[in-house]
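Visitor: Line by line, the protein sequences give chains A and B. Plus 321 on top of the position in the first sequence (first one is 1) and you've got this note's numbering. Plus 257 on top of the position in the second sequence (first one is 1) and you've got this note's numbering. From the three backbone atoms N, C-alpha and C, an ideal C-beta is built for every residue, glycine too. Note that the structure is a prediction, hence the values are computed from the model and not measured. Have a look at this one before I ask anything.
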Amino acid sequence: AQKITQTQPGMFVQEKEAVTLDCTYDTSDPSYGLFWYKQPSSGEMIFLIYQGSYDQQNATEGRYSLNFQKARKSANLVISASQLGDSAMYFCAMRSAGGTSYGKLTFGQGTILTVHP
Amino acid sequence: DGGITQSPKYLFRKEGQNVTLSCEQNLNHDAMYWYRQDPGQGLRLIYYSQIVNDFQKGDIAEGYSVSREKKESFPLTVTSAQKNPTAFYLCASGRTSGNTDTQYFGPGTRLTVL
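And the structure:
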């Protein structure tokens with residue numbers, strides 16, 4: 322069974338500082354994808370960054386980077402130079418092709434990030 | 258602009274009524290998905306479709322039905338059999354159903370049962 326765990330219900334960060342949102346996962350599939358999404362108060366899920374299980378380098382997208390530690394099964398999101406607009410709920414998700422999952426996304430419970438001015 | 262649209266944004270239903278949520282995409286994606294989100298929770302998969310005229314149940318399909326007659330459209334019907342339908346519903350699409358493929362989401366429909 323696949324599982325995503327986000328242990329931080331809420332995080333606070335000062336504007337312009339960096340913040341790390343934790344994500345650990347569990348799967349027996351050798352091939353999988355890890356995703357981070359941002360959900361502002363409007364509700365829409367915004368794709369931020371993707372990491373493949375066979376990727377050798379950590380993914381980066383602008384101010385977002387993914388700290389992928391395969392042996393520890395962790396995929397933490399790092400947001401550099403936080404902005405007020407980064408305040409939102411953040412979800413870690415995983416897809417794998419094994420078993421009956423058929424590529425569905427399995428989501429964690431989310432972390433609410435609040436950026437203070 | 259390419260994207261995913263969902264309508265309506267807000268929907269109110271009386272108990273015992275069926276309602277249909279619309280999802281349309283112009284991204285030329287083969288795969289489409291419906292998720293349900295309850296307050297303070299992650300998303301759970303209701304139904305998905307990898308190709309036209311084919312769809313499969315997800316983790317919480319009971320009380321829901323879908324159709325996929327066109328590539329662009331994947332409507333979700335919430336039937337009276339769904340015991341607790343009040344939730345936020347999100348539609349997503351992806352090029353394929355492969356594990357490396359990104360899913361993109363629509364703006365969502367908030368359903369409230371009165």
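Is A:Phe-412 close to chain B, meaning its C-beta is less than 8 Å from at least one C-beta of that chain?
Guide: It does; some Cβ of chain B falls within 8 Å.
Visitor: Over the uninterrupted beta strand (DSSP E) stretch that includes B:Phe-331, give me the two end residues.
Guide: Run containing B:Phe-331: none; DSSP gives neither H nor E here.
Visitor: When burial is assigned at 16 or more other CB atoms within 10 Å of the CB, is B:Pro-342 buried or exposed?
Guide: Its Cβ being crowded by 16 or more others within 10 Å, B:Pro-342 is buried.
Visitor: Can you look up B:Leu-268 in the DSSP assignment and give me helix, strand or coil?
Guide: Here B:Leu-268 sits in strand by DSSP.
Visitor: Which residues, in chain order, does the region 281-294 of chain B contribute to contact with chain A at a C-beta distance below 7 Å?
Guide: Against chain A - using a Cβ distance shorter than 7 Å - the region 281-294 of chain B contributes no residues.
Visitor: Would A:His-437 be called buried (16 or more neighbouring beta carbons within 10 Å of its own) or exposed?
Guide: Per the 10 Å Cβ criterion, exposed.
Visitor: Give, in chain order, every residue of the region 341-364 of chain B whose Cβ lies closer than 9 Å to some Cβ of chain A.
Guide: Correct list: Phe-345, Leu-347, Ala-349, Gly-351, Thr-353, Ser-354, Gly-355, Asn-356, Thr-357, Asp-358, Thr-359, Gln-360, Tyr-361, Phe-362, Gly-363, Pro-364.
Visitor: If distances are taken between C-alpha atoms only, which option among B:Pro-265, B:Thr-262, B:Gln-274 comes closest to B:Leu-371?
Guide: When each option's Cα is compared against that of B:Leu-371, the closest is B:Gln-274.
Visitor: Listed from N- to C-terminal order along the chain, which residues in the region 299-320 of chain B have their beta-carbon within a distance smaller than 9 Å of any beta-carbon of chain A?
Guide: Listed in sequence order: Gly-299, Leu-300, Arg-301, Leu-302, Tyr-305, Gln-307, Gln-313, Gly-315, Asp-316.
Visitor: Does DSSP classify A:Gly-429 as helix, strand or coil?
Guide: A:Gly-429 falls in the coil class under three-state DSSP.
Visitor: CA-CA distance, B:Trp-291 and B:Pro-332?
Guide: The straight-line gap from Cα to Cα measures roughly 9 Å.
Visitor: Within a Cβ cutoff of 7 Å, which residues of the same chain sit near B:Phe-312, ignoring the five residues on either side of it in sequence?
Guide: Only Tyr-304, Tyr-305, Ser-306, Val-323, Arg-325 meet the Cβ criterion.
Visitor: Note down, in chain order, every chain C residue with its Cβ under 9 Å from the Cβ of A:Gly-429.
Guide: The structure shown has no chain C; the protein chains it does contain are A and B.
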